[in-house]
Amino acid sequence: MQEVGKFCSPQCLIHVLKQCMRPFLTVVTLLFFVAACRDVSPSVAGNRAMLQPGFTGLDLSHHNGRIDWEAFEAAPVDFLYLKATEGTDWKDPRFQDHWREAKARGWLVGAYHFYRLCRAGEAQAGNFIQSVEVRAGGLPPAVDLEYAHNCEPRGSMSETLAELDVFLERVEAEYGQRPVIYTTPEFHRDWLSDGYADYPLWLRGLGEVMPRTRDGRAPDIWQYTMSGRVPGIESRVDMNRVPDRPPE
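Start counting the sequence shown at 5; every next residue gets the next number (the working numbering).
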């Protein structure tokens, strides 16, 4: 992880962006990216520099119901990840509405795909690409990899991971950003521990102790609760934060 936010503390940045400059959030964030990461590979550094330490975000889907966007303006949130697709043909029925409202209101926003282990990676990438526009300045796409509500793997582990690689490579080529991998410590241990270190990591770890992978890697995004409350959304929400990075 490269050091970011050198010219303003995370607390300062959050205050300015949230209270004064939300419509210009993407522009300001990209300026920090250029200043802090100009000597680092754009594919990796660009993805990770967009979210500053201390940022808080939500991941939302149709399960959260209708959103009162006017009331949601008061939510103590800096970024949003919206579920777009699942498998080879399912599309979240609320994604387009969520995407349109979030962009119009100046949120830093990205989209994610729930990856089905029993489906072809190319077809799943096509489903996501068909649903999510290529948009400069947005958060990188994300892929949700977990056991819950999934299907039996497609062939052997090596065959299944080869399909995942096809998905990741196709999505990165389409959007020009390396996808973020969302997962659980258990799934990472079983499937991802021998590779994928070059992908930004979004890790679930419910509670007060930040999770790490088996090899000690800290997440770039930490999902710390699935029962958060924010204005404008009646259901409980998944909440995430960008951890402070230790000194190099």
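Glycine is no exception: its CB is placed at the ideal position from the N, C-alpha and C atoms.
* For Met243, does the three-state DSSP call read helix, strand or coil? -> Indexing the sequence shown from 1 puts residue 243 at position 239. If DSSP states are grouped into helix, strand and coil, Met243 belongs with the strands.
* Asked: So the beta strand (DSSP E) Thr89 belongs to, where does it begin and stop?
  -> As a working mapping, residue 89 is identified with position 85 in the sequence shown. Run containing Thr89: 83-90, per the beta strand (DSSP E) assignment.
* Return the CA-CA distance between Gly236 and Ala78, expressed in angstroms with no decimal places. => Translated into positions along the sequence shown, residue 236 becomes position 232. Translated into positions along the sequence shown, residue 78 becomes position 74. If you take the alpha carbons of Gly236 and Ala78, they lie about 8 angstroms apart.
* Where Thr161 falls, given that 16 or more other Cβ within 10 Å makes a residue buried -> Against the sequence shown, residue 161 aligns to sequence position 157. The amino acid at residue 161 is misidentified as Thr; the sequence shows Met. Looking at its Cβ environment, which holds fewer than 16 other Cβ atoms inside 10 Å, Met161 is exposed.
* Euclidean distance between Cα positions of Arg249 and Val113 -> Here residue 249 refers to the residue found at position 245 of the sequence shown. Here residue 113 refers to the residue found at position 109 of the sequence shown. C-alpha separation (whole angstroms): 22 angstroms.
* Asked: By Cβ distance, which residues of its chain are closer than 6 angstroms to Gly232, with the 5 residues on each side in sequence left out?
  -> Locating residue 232 in the sequence shown gives position 228, counting from the first residue. Excluding residues within five positions, the ones whose Cβ falls inside 6 angstroms are Val241, Met243.
* Buried or exposed (CB count within 10 angstroms, at least 16 for buried), Arg245 -> What you label residue 245 is simply residue 241 of the sequence shown in a count that begins at 1. Around the Cβ of Arg245, a 10 Å sphere holds 16 or more other Cβ atoms; the residue is buried.
* To do: Tell whether a beta-carbon distance below 8 angstroms holds between Val184 and Ala129.
  => Numbered from its first residue, the sequence shown carries residue 184 at position 180. Numbered from its first residue, the sequence shown carries residue 129 at position 125. No.
* **Reduced DSSP category for Gly232 - H, G, I as helix; E, B as strand; rest coil** => Within the sequence shown, the letter at position 228 stands for residue 232. Note: Gly232 maps to strand in three-state DSSP.
* Asked: Can you find a heavy atom of the ligand MG that lies under 7 angstroms from the Cβ of Arg174?
  -> The ligand MG is not among the ligands present in this structure, which contains no ligands whatsoever.
* From Phe99 to Glu163, what distance separates their C-alpha atoms? -> On the sequence shown, residue 99 is found 95 positions in, with the first residue counted as 1. On the sequence shown, residue 163 is found 159 positions in, with the first residue counted as 1. Between Phe99 and Glu163, the C-alpha separation is close to 31 angstroms.
* **Collapsed DSSP secondary structure at Glu238 in the structure displayed** => Stepping through the sequence shown from its first residue, residue 238 is reached at position 234. In the structure shown, the three-state DSSP call for Glu238 is coil.
* Assess, as a yes-or-no matter, whether the stretch 142-155 is touched by the stretch 187-194 under the definition of 3 or more beta carbon pairs within less than 8 angstroms. => The stretch 187-194, when compared against the stretch 142-155, does touch it at the 8 angstroms Cβ threshold.
* Three-state secondary structure assigned by DSSP to Arg70 -> Translated into the one-based positions of the sequence shown, residue 70 becomes position 66. Correct three-state label for Arg70: coil.
* Asked: When DSSP labels each residue in this structure, what does Val138 get in the three-state scheme?
  -> Within the sequence shown, numbered from 1, the residue matching residue 138 stands at position 134. Reduced to three states, the DSSP call for Val138 is coil.
* What's the gap between the Cα of Val32 and the Cα of Arg158? -> Translated into the one-based positions of the sequence shown, residue 32 becomes position 28. Translated into the one-based positions of the sequence shown, residue 158 becomes position 154. Interpretation of Val32 is limited by its pLDDT of 37, a score under 50 that renders its predicted location unreliable; no figure is taken from the coordinates.
* Enumerate in chain order the residues of its own chain whose CB-to-CB distance from Pro27 is below 6 angstroms, with the five nearest sequence positions on each side excluded. => Counted from its first residue, the sequence shown places residue 27 at position 23. Per-residue confidence for Pro27 stands at a pLDDT of 46, beneath the threshold of 50, marking its modelled position as unreliable; the derived number appears in the next sentence. Gly110.
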